[in-house]
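K.L.:
This is the structure I want to talk about, given as structure tokens.
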Amino acid sequence: MLDGIFTGLSTAVMPFNLLMVVVGCFAGTFIGMLPGLGPISAVALMIPITYGLDPSSGIILMAGVYYGAVFGGSTSSILINAPGCASTVVTAFDGYPLAQKNQAGKALALAAYSSFTGGTIAAIALLFAAPALATVSLSFQSTDYFALMVLGLTAVAAFSGKGQVIKALMMTVFGLMIATVGTDTTSGATRFTFGNIDLIDGVSFLLLAMATFALTEVVMTVLNGQHKEEEEQVDMSKLGSMKLSKEEIKEIAPTIGRSSVFGFIIGVLPGAGATIASFLAYGLERNIASAKEKLKFGKGSLRGLAAPESANNAASTGSFVPLLTLGIPGSGTTAIMLGALIAYGIQPGPRLFIDNPDVFWSVIISMYFGNLVLLILNLPLIPYISKLLVIPRPILIPLILFFSITGVYLVSFNSFDIHMMAIITVIAIFLKLLSFPMAPMLLGFILGGLMETNLSRALVISDGSLAFLWERPLTLGIVLTAIIVLCLPPVLEYLRGRRAVKGPEVAVTEGEG
Amino acid sequence: MIITKDHIGGLVFLCLSVVYGYYAGDIALLPGDEFEPFHAQTLPYALATLGGILSIGLLFTADKGVEHKLSLKGYDFPLVAKLLLLVVLFALALDWVGFMLATVFFLISGYWLLGERRPKMLLLASVPFAAGIWFVLTQLLDIYLAPGKLLTQLFGG
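Keeping their order, the protein sequence lines are chains L and U. If you count by the working numbering, then the first sequence holds residues 1 to 513, one letter each, in order. If you count by the working numbering, then the second sequence holds residues 1001 to 1157, one letter each, in order.
Here it is in structure tokens:
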């Protein structure tokens, strides 16, 4: 492991890769601060840029953007009560009241310290958890992989929120259907191309990701009329001090520790991302607080701000564990990274840390740097970064649209792809209006090809019998976990309904962190 | 009965699954493939079946409250339609007039559609930007950008 750490360190400290971390954190913070655009959109916008880089630099840049976007989302939550993404919605509960009390500086600093601590604790845990899991998963066979992919897909659906499970499963199936378009890799037969030459290679991952997460998100802000809203001007003189007193540090230290560990564990679970971690950490902190302390929640409680902030960053790091070791993304954003890695020709999974140790370890090491950059560089620069938001929306929106379109065009140089993006955007808007989540579709699409290959191998080996699902204890264990994960939310909902507990409850409506 | 978002979504997916399953039958198989446990049609058929089952499941478990009705009020659909049309026109312009002119056209039209009317702003936020991007791509990154069919026909390749 020590060899690996040194390999990662030597790759991560290369000046160019350090630059990528810094650029990624800045770009992510800026995009994350724009209401409506979250980490998924930010990472999607970066894919075309990373195509020109080597895989380690590319994934380091995307990881930086991911952290930056989560941090940027917290900033806009605290300053203007407009969360940039779902995972920072909870930050606004106590962050914005603090800003209203002229303590925005303290809230921002606390968010940064909590994020840093959460990210660091999780990165250390990742350092040990990822290689251990990767070693275990080296014994996986095609049947286990197939079961694992089913687990990943069902978990994303199961964690997608109240009443959304069937819709998320349908979107997963839709994603798998899109993945079948093009040439079948085993037989060479064309499927669902309808004689169109441009569809023979199938739908490109980049096109689908950019259309559903960059183009659609931007167009949705226009559809909602957000482009007409004047950006709330933040009076920087009212930021107040960024220092925390000793008593305050003493008060929040246990909260940050608890929430970081909790967030990491939630993040590791395939499907549960930063959003769920932040909601649950906030709920947990409120439940264990004293009656007097409980009253402060929602009115500017420091604990109420520290808990979700440390949890969402820890979960962001945690979601790299299944991605790097099993090739199963833990969240929508890591699903995009998985697609990008596959596009670079790297297969994430147990063999990643044997075949591409530089990628594996440099990502882990650069996470420390990413957290440091956010704390040392981004925090003091927040007043200046937020000035970028002054760019009028009628100018900013066409520019983002332009970047998303040309990002796809400059990879394929085929204008058909742009037409395709417009069509996919129309479909995505329609589905969003019907409250269908998008992340499961992308995940289904990315895992579709691999899943079909593994299913085909497993079925051929077992001569068409489905017995492969229960013959190996490991496969059976994974399949059973998938069933439990899928059945748990409806059962819990039913039990909750029977208990008829009344009271303020936080509902997770969007799990697309 | 109130038709909610779930009902519409369920019906649309049911139709999609039926059409998808129908066209799955058109996938050409290799001789003898029909006796294999897995071939090019296997997954599409499985997905069509699964899609159908889930759609019916959604139709039966759909939220029936008034608050789940699809409301299209307050959305600016004409503007979105114009923006998407602009995206399509940008793709056509790329083929005909080349990257730089198409970019200037796209940005000016985009700013205009979203309410920017100051000519100075329209030009300043588009021409230098397009020229800058074109310079970075062609001169620094050495990426070949086709000049556009119209320009080639007018001025020769």
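Where a beta carbon is used, it is the ideal one built from N, C-alpha and C, also for glycine.
Identify whether L:THR186 lies in helix, strand or coil by the three-state DSSP scheme.
P.N.:
Along the first sequence, read from residue 1 onward, the residue named residue 186 of chain L stands at position 186. L:THR186: coil per DSSP, three-state reduction.
K.L.:
Looking at the strands, I want to know which residues DSSP matches up with L:ARG191.
P.N.:
As a first step, residue 191 of chain L must be located in the first sequence, where it is residue number 191. L:ARG191 is bridged to L:GLY182.
K.L.:
Within the chosen definition, does the segment 92-102 of chain L reach the segment 57-72 of chain L through at least 3 CB pairs nearer than 8 Å?
P.N.:
no
K.L.:
Between L:THR120 and L:GLU309, is the Cβ-Cβ spacing less than 8 Å?
P.N.:
For the purposes of this step, residue 120 of chain L is taken as residue 120 along the first sequence, with counting starting at 1. For the purposes of this step, residue 309 of chain L is taken as residue 309 along the first sequence, with counting starting at 1. No.
K.L.:
By DSSP, does U:LYS1069 sit in helix, in strand, or in coil?
P.N.:
Working through the second sequence from its first residue, we reach residue 1069 of chain U at position 69. U:LYS1069 falls in the strand class under three-state DSSP.
K.L.:
According to DSSP, U:THR1004 sits in a beta bridge with which residue or residues?
P.N.:
Indexing the second sequence from 1 puts residue 1004 of chain U at position 4. Looking at the DSSP assignment, U:THR1004 forms a beta bridge with U:LYS1069.
K.L.:
Taking the alpha helix (DSSP H) that L:MET46 falls in, what are its first and last residues?
P.N.:
Locating residue 46 of chain L in the first sequence gives position 46, where the first residue counts as 1. DSSP places L:MET46 inside the alpha helix (DSSP H), whose first and last residues are 39-50.
K.L.:
Which residues in the same chain as L:VAL506 place their Cβ atom closer than 8 Å to its Cβ, once the five residues preceding and following it in sequence are excluded?
P.N.:
Indexing the first sequence from 1 puts residue 506 of chain L at position 506. For L:VAL506, the predicted model reports a pLDDT of 45, less than 50, meaning its position is unreliable and no value from the coordinates is stated.
K.L.:
Who are the near neighbours of L:THR333 in its chain, counting only those whose CB is closer than 7 Å to its CB and skipping five residues on each side?
P.N.:
Here the question's residue 333 of chain L lines up with position 333 in the first sequence. Once the five neighbours on either side are set aside, the close Cβ partners of L:THR333 are PRO39, ILE40, VAL43, TYR66 and GLY513.
K.L.:
Skipping 5 residues on each side, what residues in its chain have a beta carbon closer than 7 Å to that of U:VAL1097?
P.N.:
The sequence position of residue 1097 of chain U within the second sequence is 97, counting from 1. Here the set comprises GLY1148, LEU1150 and LEU1151.
K.L.:
Looking at the structure shown, is L:VAL22 part of a helix, part of a strand, or coil, going by DSSP?
P.N.:
To locate residue 22 of chain L, count along the first sequence from 1; it is residue 22. Three-state result, L:VAL22: helix.
K.L.:
Where U:LEU1141 and L:ILE49 are concerned, what is the direct C-alpha to C-alpha distance, given to the nearest angstrom?
P.N.:
In the second sequence, the residue the question calls residue 1141 of chain U occupies position 141. In the first sequence, the residue the question calls residue 49 of chain L occupies position 49. Their Cα atoms are separated by approximately 12 Å.
K.L.:
Going along chain U in order, which residues have a C-beta closer than 7 Å to the C-beta of L:VAL173?
P.N.:
Numbered from its first residue, the first sequence carries residue 173 of chain L at position 173. Under the 7 Å cutoff, chain U gives LEU1047, LEU1050, GLY1051 and LEU1054.
K.L.:
Using the Cβ count rule (16 or more neighbours within 10 Å means buried), how would you classify U:MET1001?
P.N.:
Stepping through the second sequence from its first residue, residue 1001 of chain U is reached at position 1. With fewer than 16 Cβ atoms within 10 Å of its Cβ, U:MET1001 is classed as exposed.
K.L.:
Here's the rule I'm using: 16 or more other beta-carbon atoms within 10 Å means buried, otherwise exposed. How should U:PHE1060 be labelled?
P.N.:
By one-based count along the second sequence, residue 1060 of chain U stands at place 60. Residue burial annotation: U:PHE1060 is exposed, with fewer than 16 other C-beta atoms found within 10 angstroms of its C-beta.
K.L.:
How many Å lie between L:GLY118 and L:LEU126 at the Cα?
P.N.:
Numbered from its first residue, the first sequence carries residue 118 of chain L at position 118. Numbered from its first residue, the first sequence carries residue 126 of chain L at position 126. Each residue's Cα considered, the two are about 12 Å apart.
K.L.:
Would you mind working out which of U:LEU1145, U:ILE1008, U:TYR1144 and U:LEU1137 sits nearest U:HIS1068, comparing C-alpha positions?
P.N.:
As a first step, residue 1068 of chain U is located in the second sequence; it is residue number 68 there, counting from the start. Selected option, being the one with the closest Cα: U:ILE1008.
K.L.:
Tell me whether L:ALA122 sits in a helix, a strand or coil according to DSSP, three-state version.
P.N.:
For the purposes of this step, residue 122 of chain L is taken as residue 122 along the first sequence, with counting starting at 1. It is helical.
K.L.:
For L:ALA134 and L:LEU295, what's the separation of their Cα atoms in angstroms?
P.N.:
Numbered from 1 along the first sequence, position 134 holds the residue referred to as residue 134 of chain L. Numbered from 1 along the first sequence, position 295 holds the residue referred to as residue 295 of chain L. So the two alpha carbons sit approximately 45 Å from each other.
K.L.:
Whose Cβ in chain L lies nearer than 9 Å to the Cβ of U:TYR1023?
P.N.:
Reading the second sequence from its first residue, position 23 is the one you call residue 1023 of chain U. Result: ARG191, PHE192 and PHE194.
K.L.:
Helix, strand or coil: which one does DSSP assign to L:ASP463?
P.N.:
Along the first sequence, one-based indexing puts residue 463 of chain L at 463. Coil, per DSSP.
K.L.:
What does the alpha-carbon distance come out to for the pair L:VAL379 and L:MET62?
P.N.:
Counted from its first residue, the first sequence places residue 379 of chain L at position 379. Counted from its first residue, the first sequence places residue 62 of chain L at position 62. The identity of residue 379 of chain L in the sequence shown is Leu, whereas the question assumes Val. Going from the Cα of L:LEU379 to the Cα of L:MET62 covers about 20 Å.
K.L.:
To which residues of the same chain is L:ALA335 closer than 7 Å at the C-beta, ignoring the five residues directly before and after it?
P.N.:
The residue you call residue 335 of chain L lines up with position 335 of the first sequence. Result list for L:ALA335: PRO329, ALA439, LEU442, LEU443 and ILE446, in chain order.
K.L.:
Taking just the CA atoms, how far does L:PRO357 sit from L:THR186?
P.N.:
Locating residue 186 of chain L in the first sequence gives position 186, where the first residue counts as 1. Locating residue 357 of chain L in the first sequence gives position 357, where the first residue counts as 1. Spanning the two alpha carbons is a distance of roughly 30 Å.
K.L.:
For L:ALA315, count neighbouring Cβ atoms within 10 angstroms of its own Cβ and tell me buried if that reaches 16, exposed if not.
P.N.:
Counted from its first residue, the first sequence places residue 315 of chain L at position 315. With 16 or more Cβ atoms within 10 Å of its Cβ, L:ALA315 is classed as buried.
K.L.:
Using a Cβ-Cβ cutoff of 7 Å, what residues of the segment 486-497 of chain L are near chain U? List them in chain order.
P.N.:
Listed by position, the residues of the segment 486-497 of chain L near chain U (Cβ gap below 7 Å) amount to none.
K.L.:
Measuring CA to CA, which of U:GLY1057, U:PRO1044, U:PHE1077 and U:HIS1039 is closest to L:LYS167?
P.N.:
For the purposes of this step, residue 167 of chain L is taken as the residue at position 167 of the first sequence. The option with the nearest alpha carbon to L:LYS167 is U:GLY1057.
K.L.:
Assuming L:PRO348 is part of the alpha helix (DSSP H), what are its boundary residues?
P.N.:
Walking along the first sequence from the start, residue 348 of chain L turns up at place 348. For L:PRO348, there is no enclosing alpha helix (DSSP H), since its DSSP letter is neither H nor E.
K.L.:
Got a sec: is the Cβ-Cβ distance from U:ILE1003 to anything in chain L below 8 Å?
P.N.:
Numbered from 1 along the second sequence, position 3 holds the residue referred to as residue 1003 of chain U. So no, U:ILE1003 is outside the interface.
K.L.:
Under 8 Å, Cβ to Cβ, is there at least one residue of chain U near L:THR180?
P.N.:
Numbered from 1 along the first sequence, position 180 holds the residue referred to as residue 180 of chain L. Among the CB atoms of chain U, one or more fall inside 8 Å of the CB of L:THR180.
K.L.:
Going by the C-beta, is L:LEU18 closer than 7 Å to any heavy atom of the ligand MG?
P.N.:
Looking at this structure, you won't find the ligand MG or any other ligand, since it has none at all.
K.L.:
State yes or no: is the C-beta of L:LEU148 within less than 8 Å of the C-beta of L:ILE424?
P.N.:
For the purposes of this step, residue 148 of chain L is taken as the residue at position 148 of the first sequence. For the purposes of this step, residue 424 of chain L is taken as the residue at position 424 of the first sequence. Taking 8 Å as the Cβ cut-off, L:LEU148 and L:ILE424 do not qualify as a contacting pair.
K.L.:
Quick check on DSSP: helix, strand or coil for L:PHE413?
P.N.:
Counting from one through the first sequence, the residue named residue 413 of chain L turns up at place 413. Here L:PHE413 sits in coil by DSSP.
K.L.:
Please report the distance separating the alpha-carbon of L:LEU488 from that of L:VAL460.
P.N.:
Position 488 of the first sequence, counting from 1, holds the residue named residue 488 of chain L. Position 460 of the first sequence, counting from 1, holds the residue named residue 460 of chain L. When rounded, the distance between both Cα atoms is 32 Å.
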